Structures are given as structure tokens and as C-alpha cells.
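These protein sequences, in sequence, are chains A and B. Mind the numbering: the first sequence is residues 23 to 326 in my numbering, read in order. Mind the numbering: the second sequence is residues 73 to 155 in my numbering, read in order. Even glycine gets a Cβ: it sits at the ideal position worked out from N, Cα and C. Fair warning: this is a prediction, and the values are worked out from it, not measured in the lab. Heads up: the structure comes next, in C-alpha cells.
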Amino acid sequence: MSSVAIPQNPVEPFLRSERMPHIWCPGCGIGTTVNCFTRALLDSKADLTKLAIVSGIGCTGRVAGYTNLDSFHTTHGRAIPFATGLKLANPELNVVVYSGDGDLFAIGGNHLIHAARRNVNLKVICVNNLIYAMTGGQTAPTTPGDVITSTAPYGTYDPAFNLPYLVEAAGAVYVARWTTFHVRQLAKSMAEMFQKKGFGFIEVLSPCPTLYQRRNKMGDGLDAMKFYKQVSKIKHGAPTSEVALSKSGEIVVGKFVDRERPEYIGTMNTYLEQQLGERYVEPHTLSDDGGCSGGELEVISCNR
Amino acid sequence: MPRGSVSIVVERCKACGFCVEFCPTKVLALSSAFNSKGYHPPHAVAPEKCSGCDLCGMYCPDFAIYGYRNDKNAPKEDEADAR
Numbered sequence: 023m024s025s026v027a028i029p030q031n032p033v034e035p036f037l038r039s040e041r042m043p044h045i046w047c048p049g050c051g052i053g054t055t056v057n058c059f060t061r062a063l064l065d066s067k068a069d070l071t072k073l074a075i076v077s078g079i080g081c082t083g084r085v086a087g088y089t090n091l092d093s094f095h096t097t098h099g100r101a102i103p104f105a106t107g108l109k110l111a112n113p114e115l116n117v118v119v120y121s122g123d124g125d126l127f128a129i130g131g132n133h134l135i136h137a138a139r140r141n142v143n144l145k146v147i148c149v150n151n152l153i154y155a156m157t158g159g160q161t162a163p164t165t166p167g168d169v170i171t172s173t174a175p176y177g178t179y180d181p182a183f184n185l186p187y188l189v190e191a192a193g194a195v196y197v198a199r200w201t202t203f204h205v206r207q208l209a210k211s212m213a214e215m216f217q218k219k220g221f222g223f224i225e226v227l228s229p230c231p232t233l234y235q236r237r238n239k240m241g242d243g244l245d246a247m248k249f250y251k252q253v254s255k256i257k258h259g260a261p262t263s264e265v266a267l268s269k270s271g272e273i274v275v276g277k278f279v280d281r282e283r284p285e286y287i288g289t290m291n292t293y294l295e296q297q298l299g300e301r302y303v304e305p306h307t308l309s310d311d312g313g314c315s316g317g318e319l320e321v322i323s324c325n326r
Numbered sequence: 073m074p075r076g077s078v079s080i081v082v083e084r085c086k087a088c089g090f091c092v093e094f095c096p097t098k099v100l101a102l103s104s105a106f107n108s109k110g111y112h113p114p115h116a117v118a119p120e121k122c123s124g125c126d127l128c129g130m131y132c133p134d135f136a137i138y139g140y141r142n143d144k145n146a147p148k149e150d151e152a153d154a155r
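Okay, here's the thing in C-alpha cells:
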């Protein structure tokens, strides 16, 4: 046969291979979303030296630790505050928040809606496995009704968050939902989101065979993928109020929102320049003089 | 020569079966052999059908498999055979 060298797996340069194999369960879809993420980075020819990935806590929170990029594994629920600080301090960076539904919408729910309200230029990828997986399968705000969890042995009855609806209402400029079955569409959607200016949000439904499906007799990861294939309907531009998830109902996927709104840092600079004139110096330009940017800001306030 | 090939990192595999299920040309099947963790990794039962689309690589949550196209190399080999 040929003596030509076998090409490398395209995902390999993005992984910290010394940490492989990862801790995700057999049939878990988080690794699949990482594949899509790396393909999106390759396709959009993103400058990897100007990319930071921020994760919170949870199964999906491990992504930051496994990707060989400038990555940041933060405290529980605080991925978005860390990412906002990162972006404000260094607006050149493309900041991606990669976390789970429990981290972003339960403990970190407030941060998420306010980052969307301000339209901070963050790209949020939320892997939704419909449950708190790492802590043992407790009911999450995203758990649909009539589902057995470790904290709801007779089934859940509280209404779940409809993530695209919530994020659109809060002010995101790009909102999409895919499942781990839709790998090509997901990669394309991520690449499209990276080109947008403002708060972008992609929800990815992912199987959780160990906790969610096992307790509900829904089979393994492959069964979940077949289920996604069977019940998913692509409806681009569907009203987000109509895309709520249920235990076994239709899953509406697609790009729901793609709009323009003034982005936070630009708005801040324009407004403060109007108010302060030449006294205003953009904060990130101050950091070159030994890191005493706080002092410079005080000077501005003293001059008033 | 087939249009594509598939490369499998046996030790990373957790036998979820995504690649076997979603391979568009049905190249793969889970083998009866074990890896060191006790999973049955896939093997190519019909390698001649592989188109190198890398859909297996997109699906694999364990980064254990990927496909690649042979197109670029194929003419060179033909030339070598002709000589």
C-alpha cells in the first residue's frame, strides 16, 4: 500500500491529548459538540491566539480543560462574569463561553440574562442535557415535565425554561438550537455566530445516558441520537415562544434569531466619549503602563 | 483505491456506536475484540465504500475515529504503478 503519511484527526491540535481519554460517559454528546466547535474554528479561520474559552462547572465545564486553547475553568455559574471581564479588559479577544444548562441557566441564570441585555460580545454555547449530570441527576430548570430524576422520584411537575425564548427576550442577537445529531448544521451555525457582533447563543441538546435516560428508561446515547433524528424539525426563524421542549415531543431546531443591536463595548466608548470628551481614555489602552489602569481611571474622575 | 479511509484510535473508544449508526456508506461495525477498557471499538467491514466524508469524526464524542479523503494521493500511486 501507500507510504503516504496518514493525516491527523482535525480535532487533535485542539485537544490536550495528555488528558485523554476524557471523563464523559459512553454515549454522552459533549465530545460531539467539541468536534463541531473545532470544525467551526477551522472553517472560520479564527485566530487561535486571540481566542479564549471560558467554562463554568459541570460536565460541559470540562471542555475548557480539554481544549488546547487559552481556556479558563471558572467557579460555578460565573463563566459569563469572568468572560465579560475578559472581554472588557481585552476587547481584541474573541471570548467563547462553553458551559452546560445547569451552570448557565440555574446558578448562573442572572449573569446570562444581564450579559444578553447589555449585548456583551460573547459567544455562548450551552450544552443542554436536561439535568444536573455531574452531581448525580437532580432536577434542573431545564428538566421537562413528567421526568424521573434523583430529586423527583415521582416525576417532575414544575415548568421548564425555554432557553431560546428566554435568551431572545433578554436581548441576544443570535439564537439557535441544534442537537448532537445535527453535527454539520451545528458547526456551520457556530461559525456563523463567531462572525456576529454581540451576544450569540447556541443551545445544543445532548444525550445524558447515565442519569437522564437510564432513570427514564430511554435507552443509551445512541437511542437518544436516533430519537433526535426522528423528532427534530428544522424551522429557521420559528418564534421562540413555540420551541419549548417536552419529554418526548417534537424538537424544533434551527436558527431562530439573527438581528442587530448596539454592542456593549462600542456603546460604552461612544457614550463616555460624548460625556467626557478628550478626558475619556478607552480602558484597555491603559494597561501598557505597568498595569496601573485603576490609577488612570481615578485621574479621569478627579478631573471632573 | 477507495475515495477515503478511516482511522481508528482503538484505546480511546467507548463503543457508543454513533459512527456505526451514522456512517452514510455503512463502512463500520463494532468488532468483537476488546480494547484495554473493555469496550468493543469499531472496525471497517467495508473499507472500499469509505468516501472519507469524516462524518464519523464529527460524531465521535471520544475523538477516537476520523475519516480522510484519498483523492490527493491517488494519482501519485497510479503513476507509481504505471512505472
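query: C-alpha gap between M247/A and V197/A, whole angstroms; result: 22 Å
query: R199/A and G276/A closer than 8 Å at C-beta; result: yes
query: Length-filtered (3 minimum) beta strand (DSSP E) runs lying within the stretch 244 to 300 of chain A; result: 254 to 256 and 273 to 280
query: A87/B at chain A interface by Cβ criterion, 8 Å; result: yes
query: Simplified DSSP assignment, three categories, for V92/B; result: helix
query: Chain B contact for W200/A (CB, 8 Å cutoff); result: no
query: Euclidean distance between Cα positions of Q296/A and G288/A; result: 12 Å
query: Residues within the stretch 91 to 117 of chain A neighbouring chain B, beta-carbon criterion of under 9 Å; result: none
query: Interface residues of the stretch 55 to 77 of chain A facing chain B [CB-CB below 9 Å]; result: T55, V56, N57, C58 and R61
query: N-terminal and C-terminal residue of the beta strand (DSSP E) that T232/A is part of; result: Run containing T232/A: none; DSSP gives neither H nor E here.
query: Residues near E120/B in its chain [Cβ-Cβ closer than 8 Å; skip 5 each side]; result: P74
query: D125/A burial status per 10 Å Cβ neighbour count (16 or more: buried); result: buried
query: Inter-stretch contact (C-beta, 8 Å, three-pair minimum) for the stretch 38 to 45 of chain A and the stretch 187 to 196 of chain A; result: no
query: Alpha helix (DSSP H) runs wholly inside the stretch 146 to 207 of chain A, at least 4 long, in chain order; result: 185 to 192
query: Proximal residues to V82/B (C-beta, below 6 Å), its chain only, five neighbours per side dropped; result: N107 and P113
query: beta-carbon H306/A near the ligand FMN non-hydrogen atom, thresh 7 Å; result: Ligands are entirely absent from the displayed structure, and the ligand FMN is therefore not among its contents.
query: Limits of the unbroken beta strand (DSSP E) element including G129/B; result: Run containing G129/B: none in the beta strand (DSSP E); it sits in the alpha helix (DSSP H), L127 to Y131.
query: Exposure label - G259/A; buried when at least 16 CB within 10 Å; result: exposed
query: Beta-carbon proximity of G87/A to H95/A, cut-off 8 Å; result: yes
query: Other residues of its chain near G159/A: CB distance less than 6 Å, five sequence neighbours each side excluded; result: I153, T171, S172 and L233
query: 8 Å Cβ cutoff, F106/B in contact with chain A; result: no
query: Alpha carbon of L244/A to alpha carbon of M130/B, nearest angstrom; result: 15 Å
query: Beta-carbon gap between Y187/A and I147/A smaller than 8 Å; result: no
query: Residues of the stretch 118 to 139 of chain B with Cβ closer than 9 Å to any Cβ of chain A, in chain order; result: D126, L127, G129, M130, Y131, C132, P133, D134, F135, A136, I137 and Y138
query: C-alpha distance - T165/A paired with T60/A, whole-angstrom precision; result: 28 Å
query: 7 Å Cβ cut-off: residues of chain B touching L308/A; result: The contacting residues do not exist; L308/A stays about 42 Å from chain B at best.
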